[in-house]
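So the structure is just underneath, and the comments pick up after that.
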Amino acid sequence: MSEIEYHLSAAGRLASTAEYALGEYLDQRVAAIDLLDRGIQHLNQAYSLLNGETSPRTVPCQEAGALPNEAQKLREIRKEIKQLAGKTYTRGISTTDENVADMDTVIEYVEKIQSYIEVGIGVYNDGDYIRNERRLRDIKTDAGIN
Numbered sequence: 061m062s063e064i065e066y067h068l069s070a071a072g073r074l075a076s077t078a079e080y081a082l083g084e085y086l087d088q089r090v091a092a093i094d095l096l097d098r099g100i101q102h103l104n105q106a107y108s109l110l111n112g113e114t115s116p117r118t119v120p121c122q123e124a125g126a127l128p129n130e131a132q133k134l135r136e137i138r139k140e141i142k143q144l145a146g147k148t149y150t151r152g153i154s155t156t157d158e159n160v161a162d163m164d165t166v167i168e169y170v171e172k173i174q175s176y177i178e179v180g181i182g183v184y185n186d187g188d189y190i191r192n193e194r195r196l197r198d199i200k201t202d203a204g205i206n
C-alpha cells in the first residue's frame, strides 16, 4: 500500500466511524467532530502527496491542476469543523457545553468530507487517465464537489 493509499484509507475509515458514532447526544457529536478532524488531517496529507509526487501515476494529475484548490478548501473546512464543538473540542470536555453543532450540521460535514475522499481516490486511481481538466471535473462532479 502506498502512502497515498494509506492516508486515503485512513481518512475514509475515520469519516465512516464518525458517521457511525454520530447521534443526538452531545458526547456523540463531539466524538464525530473529533474523528472528522482527524480524517481531514489524513486527507490533507494524501492531497499533499498527490500534488507533490512526481511518479508517472500522478504527473497527469498535476498537469490537470488536480487538487490544489481542494486542498485549500479542506483547510477552510477543517477550521469550520473546529468551531462545531466550541470550547468542548479544545478542552476535551463534552458534558455540559451546549455550543456543539446539531446532528444535521455534523452530518453535512461528514458528507462533505466523504465527497473529498471520493475525489482523492478518483484522482489517485485514474491518475494515468487524467489528461485534461474535463476529466477531473467529471470526478469532482460525481463526488458532489463543484
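For the sequence shown, position 100 matches number 160 in our numbering, and the numbering has no gaps at all. Note that the Cβ used here is the ideal one computed from N, Cα and C, for glycine as well.
Under 8 Å by Cβ, that's how I've got residue i and residue j pegged, so tell me the actual separation to the nearest angstrom.
i: Ala75; j: Ile177; result: 6 Å
i: Asn111; j: Leu134; result: About 12 Å; that fails the 8 Å criterion.
i: Ile141; j: Ile100; result: 7 Å
By the 10 Å Cβ neighbour count, where 16 or more other Cβ atoms means buried, how is residue i classified, buried or exposed?
i: Tyr85; result: exposed
i: Tyr80; result: exposed
i: Lys200; result: buried
i: Glu130; result: buried
Less than 8 Å between C-beta atoms, sequence neighbours within five positions excluded: which residues of the same chain meet that for residue i?
i: Met163; result: Leu82, Gly83, Glu84 and Arg89
i: Glu136; result: none
Go through its chain and collect everything with a Cβ distance to residue i's Cβ below 6 Å, but skip five positions before and after it.
i: Gln174; result: Ala75
i: His67; result: His102, Gln105 and Ala106
i: Ala78; result: Ala92, Leu95, Leu96 and Val170
i: Gln132; result: none
Among the options, which has the Cα closest to the Cα of residue i?
i: Ile64; options: Ala203, Asp198 and Gly182; result: Gly182
i: Tyr169; options: Ala70, Leu68, Ser62 and Lys139; result: Lys139
i: Val179; options: Ala70, Leu144 and Asp202; result: Asp202
i: Arg98; options: Thr165, Glu136, Lys172 and Ala70; result: Ala70
i: Ala161; options: Gly72, Lys172 and Leu144; result: Leu144
i: Tyr184; options: Asn159, Ser108, Lys172 and Val166; result: Ser108
Once the 5 residues before and after residue i are set aside, which same chain residues still bring their CB inside 7 Å of it?
i: Asp198; result: none
i: Met61; result: none
i: Lys172; result: Ile137
i: Gly72; result: Ile177
i: Thr165; result: Leu144
Contained alpha helix (DSSP H) runs [length at least 4] in the region 61-93, N- to C-terminal order: Scanning the region 61-93 for uninterrupted alpha helix (DSSP H) segments of 4 residues or longer gives 63-81, listed from N- to C-terminal end.
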